[in-house]
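Below you'll find the structure, written out as structure tokens, and then a few comments.
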């Protein structure tokens with residue numbers, strides 16, 4: 007009678023907390039504003055189902071196929087470039103953005119002689135995603151002929167055409183044109 011557990015003080019009614027102290031289990035929930043940019047870039051998981059103020063939580067950003075994780079932002083500042091982050095002492099409000107980017111590879115094509123010919127492609131630009139199938143065709147100018155391709159190995163090389171069935175790394179190719187030695191223009 008009169009003492010709490012182990013006789014150490016006054017008993018309190020359940021649900022009543024001692025003045026100035028929070029009752030265990032009654033911690034303030036963290037207001038989490040979590041975004042993924044772009045939304046197709048990936049997903050985020052957290053090791054806690056419910057976030058409490060001053061708690062510790064680990065967030066993991068996982069990129070979808072064709073994307074890579076870039077960084078976390080908190081509000082308007084960069085937070086970390088690691089896909090897994092642990093935040094200790096969670097604040098009352100937490101704004102996190104997981105930023106992903108589309109994986110692209112560069113294919114540079116050039117000609118050995120500007121007068122010798124040109125290169126056309128079925129795609130614009132020189133940045134490609136892994137799902138792209140890209141073809142490059144070397145076309146000689148009058149008085150020249152296409153000799154061969156130099157540079158990286160391609161998936162398929164058929165004469166003056168290179169076909170890349172999915173781009174998984176950067177490449178450089180040069181179309182080599184040679185001047186016709188006994189070229190006679192048609193009349």
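In the working numbering, the protein residues as written are 7 to 193.
Ideal placement from N, C-alpha and C gives every residue a C-beta, glycine not left out.
Cβ-based neighbour list, residue i, same chain, cut-off 8 angstroms, excluding 5 preceding and 5 following
i: residue 167; result: 141, 142, 143 and 144
i: residue 33; result: 58, 59, 60 and 61
i: residue 115; result: 125, 127, 132, 142, 178, 179, 180 and 181
Among the options, nearest to residue i - alpha-carbon criterion
i: residue 106; options: 33, 122 and 71; result: 71
i: residue 112; options: 35, 170, 45 and 37; result: 170
i: residue 65; options: 85, 46 and 73; result: 85
i: residue 69; options: 146, 150, 108 and 136; result: 108
i: residue 172; options: 87, 134 and 55; result: 134
i: residue 53; options: 63, 46 and 44; result: 63
i: residue 157; options: 117, 46 and 47; result: 117
Close beta carbons around residue i, own chain, < 6 angstroms, minus the five adjacent residues each side
i: residue 129; result: 140
i: residue 37; result: 99
Inter-residue Cα distance where the pair is residue i and residue j
i: residue 152; j: residue 104; result: 48 angstroms
i: residue 110; j: residue 176; result: 9 angstroms
i: residue 77; j: residue 91; result: 10 angstroms
i: residue 50; j: residue 185; result: 58 angstroms
i: residue 174; j: residue 165; result: 23 angstroms
i: residue 102; j: residue 120; result: 51 angstroms
i: residue 42; j: residue 75; result: 10 angstroms
i: residue 44; j: residue 73; result: 10 angstroms
i: residue 138; j: residue 146; result: 26 angstroms
Cut-off 7 angstroms between Cβ atoms - residues of its own chain near residue i, not counting five sequence neighbours on either side
i: residue 95; result: 60
Where residue i falls: helix, strand or coil (DSSP)
i: residue 127; result: strand
i: residue 157; result: strand
i: residue 45; result: helix
i: residue 84; result: strand
i: residue 216; result: Shown here, the chain extends from 7 to 193; a query on residue 216 therefore has no answer.
i: residue 112; result: strand
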